[in-house]
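Going by this note's numbering, 670 is the number at position 200 of the sequence shown; the sequence numbering is gapless. Backbone N, C-alpha and C define an ideal beta-carbon position, used for all residues, glycine too. To start, the structure itself, in structure tokens.
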Amino acid sequence: MNDPISPISPASQPPLHCPVAIVGAGPAGLMAAEVLSAAGIEVHLFDAMPTVGRKLLLAGIGGLNLTHAEPLPAFKARYGARAADCGRWLDAFGPQALRDWAAGLGIDTFVGSSQRVFPRDMKAAPLLRAWLQRLRHPASGVPVRFHMRQRWSGHLQPLAPSSAPPGYCLHLQGPQGQTEVHARAVLLALGGASWPRLGSDGAWMPWLAQHGVALQPLRPSNCGFDVAVGTRLGWSAHLQQRFAGAALKGVLLRFTDANGQAFERRGECVLTQTGLEGSLIYAASAQLRDGIEAAGRVRIALDLKPDWSRNRLQAELERARSGQSLGTLLRKRLGLTPAQVALLHEVLPPAQRHDPAQVAATLQNLPLELVAPRPIAEAISSAGGVALEGLNDALMLQPLPGVFCAGEMLDWEAPTGGYLLTACMASGRVAGLGLAAWQRAQPTAASTCAPTAAEPQIAKQPPSDITGDIAALG
Ligand SMILES: Cc1cc2nc3c(=O)[nH]c(=O)nc-3n(C[C@H](O)[C@H](O)[C@H](O)COP(=O)(O)OP(=O)(O)OC[C@H]3O[C@@H](n4cnc5c(N)ncnc54)[C@H](O)[C@@H]3O)c2cc1C
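Below, the structure is given as structure tokens:
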């Protein structure tokens with residue numbers, strides 16, 4: 471099969487032979503490397519970026535939400551249509567196992583008021599540092615060998631059919647040119663397509679499609695949305711200039727999804743330049759995105775005063791002293807924030823602003839239309855990717871025996887709340903263990919691979935210096 475990026479060019483160096491090549495050093499690839507290393511298998515881990523786990527580090531900037539403390543059945547249900555598949559991975563490595571694993575790295579965790587689980591210091595860097603240390607110097611098992619700044623070009627060709635056990639040739643492009651890697655088995659943990667500057671750009675989609683791998687289009691998940699107010703796309707200039715970035719706390723979001731199911735949840739969202747984002751919107755993002763795909767737009771309603779009865783709200787508005795502006799009244803008597811007042815002004819025509827019944831009804835049923843998800847590059851995560859139907863239970867690709875996949879590049883999605891990292895790591899573990907079992911079952915598989923006489927000199931910088939990365943991500 472041809473290299474989809476460039477014609478196959480002869481490698482400038484002798485091939486690097488290895489039992490297992492993992493491409494992608496995010497949480498999924500690192501977890502796969504850990505279980506393989508513990509199984510005594512020599513793993514070579516390649517990543518396009520100069521250092522590992524950049525998205526994990528970014529996740530730590532706002533407080534690393536590792537997992538969630540709700541009961542396992544509720545936890546599994548967060549994966550929606552993929553609850554059964556992800557549930558299988560989680561049976562072997564669920565939220566408590568993840569907390570125990572972190573504790574094994576010396577990272578204590580705590581359960582926040584929302585049941586979300588965080589490292590005691592909220593950060594990702596100490597966890598990643600301890601993890602890398604253990605991967606490079608395991609108490610038992612084979613040290614993982616890291617190759618940074620090595621970008622897989624998409625070239626993945628079976629080695630000669632006569633070779634036993636079977637294997638693959640991969641091309642990796644690095645600062646010193648192209649390296650040919652001959653691996654008996656391959657594990658891809660390339661991530662989705664959100665925040666591409668951190669390394670995961672979804673470029674692998676057409677490459678795997680060429681190999682007959684079943685894929686679902688990558689789509690934004692846990693993303694913001696653009697709004698329309700009446701016939702106008704987006705907010706007024708006033709709201710954009712004064713209130714983009716303002717949080718709307720304790721609001722209730724209601725809408726009916728494309729399947730006719732009512733969604734109603736309370737939480738926090740944030741006004742953006744073009745619409746809305748934030749944890750409440752992310753929690754609904756799959757249904758909102760699917761609804762927009764089906765019908766072009768989704769009508770939502772925000773209740774800005776969900777704890778007040780309509781009567782109480784209206785009575786308070788009617789008691790207003792004459793001469794008091796609506797804005798002052800709403801802030802002083804109803805406790806609305808300036809951003810909430812601005813939002814009311816966006817949707818309520820001036821003629822209706824003196825009618826307490828209209829104002830009360832709008833405050834509790836503020837109508838907006840969401841017309842487009844924000845681009846995938848801005849999203850927290852992506853939906854779509856490698857279809858789970860094209861993988862066996864060990865996450866090996868059916869068209870490519872000996873090639874395994876894990877993490878966000880698989881077709882599942884979940885809201886924020888620690889569900890993303892938990893499933894990425896759990897799937898990395900399933901794929902790593904599956905690969906180890908598969909390799910053991912091969913005719914002449916060995917746990918290490920004899921290097922060629924002249925092993926290629928590809929960059930093997932220790933991936934331990936992540937301090938500069940954290941600043942660079944900001
Ligand atoms: C702002 C933000 C905050 C987040 N916060 C949280 C949170 O608090 N809790 C949570 O659960 N989740 C959070 N997430 C999501 C979580 O970080 C991801 O789901 C997770 O990192 C995905 O892991 P992964 O290993 O599958 O992929 P990634 O972490 O994306 O890693 C994939 C790796 O593959 C490499 N790669 C890709 N293509 C190639 C190639 N061709 N050649 C070589 N290498 C390649 C990339 O460089 C990258 O290092 C957050 C995400 C973002 C963007």
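Between Ala847 and Pro666, the C-beta gap is smaller than 8 Å, which places the two residues in contact. Put simply, of Gln868, Leu880 and Leu891 the residue whose alpha carbon is nearest the alpha carbon of His681 is Gln868.
By the 16-neighbour rule on beta-carbons within 10 angstroms, Ala707 is exposed. Within the DSSP secondary-structure output, Gly745 pairs in a beta bridge with Asp696.
Classified as buried, Pro690 has 16 or more neighbouring CB atoms from the shown chains inside 10 Å of its CB.
The three-state secondary structure of His824, taken from DSSP, is coil. Counted as a single uninterrupted DSSP element, the alpha helix (DSSP H) harbouring Ala595 occupies residues Ala595 to Arg606. Taken atom to atom, the span from the alpha-carbon of Trp705 to that of Thr744 is near 6 Å. Under the three-state reduction of DSSP, Phe545 is assigned to helix.
The C-beta separation of Ala732 from Thr726 comes to about 6 Å, placing the pair in contact by the 8 Å criterion.
Check the Cα spacing between Val581 and each of Gln566, Leu800, Trp571 and Leu575: the tightest is with Gln566. Shortest Cα-Cα distance from Ser749 to any of Ile492, Asn862 and Arg586 involves Arg586. Of the candidates Gln784, Ala698, His625 and Trp882, the residue whose Cα lies closest to the Cα of Ala756 is Trp882.
In this structure, Gly904 lies near Ala864, with their beta-carbon atoms less than 8 Å apart.
Gly872 counts as buried, since no fewer than 16 other beta carbons sit within 10 angstroms of its beta carbon. When C-alpha distances from Leu787 are compared across Asp777, Met501, Leu799 and Trp778, the shortest belongs to Leu799. In the DSSP secondary-structure assignment, Thr649 is bridged to Leu642. Cβ neighbours of Phe713 within its own chain (closer than 6 Å, five residues either side excluded): Leu741, Ala809 and Ala812. Annotated as proximal: Ser623 and Gln643, with beta-carbon spacing under 8 Å. Ala698 and Ala830 have their C-alpha atoms spaced approximately 22 Å apart. Relative to ligand 1, Leu891 has its C-beta within less than 7 Å of a heavy atom. Distances from the CB of Met866 to the heavy atoms of ligand 1 are all 7 Å or more. Between Ala655 and Trp908, the gap from beta carbon to beta carbon is short of 8 Å. 8 Å or more divides the Cβ of Leu486 from the Cβ of Gly499. A heavy atom of ligand 1 is found nearer than 7 Å to the CB of Leu534. The beta strand (DSSP E) runs of length 3 or more contained entirely in the stretch 808-887 are, from start to end of the chain, 836-843, 851-856 and 873-875. Residue side-chain check: Val493 places its Cβ nearer than 7 Å to a non-hydrogen atom of ligand 1. Of the heavy atoms belonging to ligand 1, at least one sits nearer than 7 Å to the Cβ of Cys894.
Taken atom to atom, the span from the alpha-carbon of Ser583 to that of Glu540 is near 12 Å.
In the three-state scheme derived from DSSP, where H, G and I count as helix and E and B as strand, Ile492 is classed as strand. At least one heavy atom of ligand 1 lies closer than 7 Å to the C-beta of Asp671. Cα atoms of Gly530 and Leu891: separation of roughly 12 Å, rounded to the nearest angstrom.
Counting along the chain, no beta strand (DSSP E) covers Val614, and no H or E run does either. The C-alpha of Ala573 lies about 49 Å from the C-alpha of Arg803.
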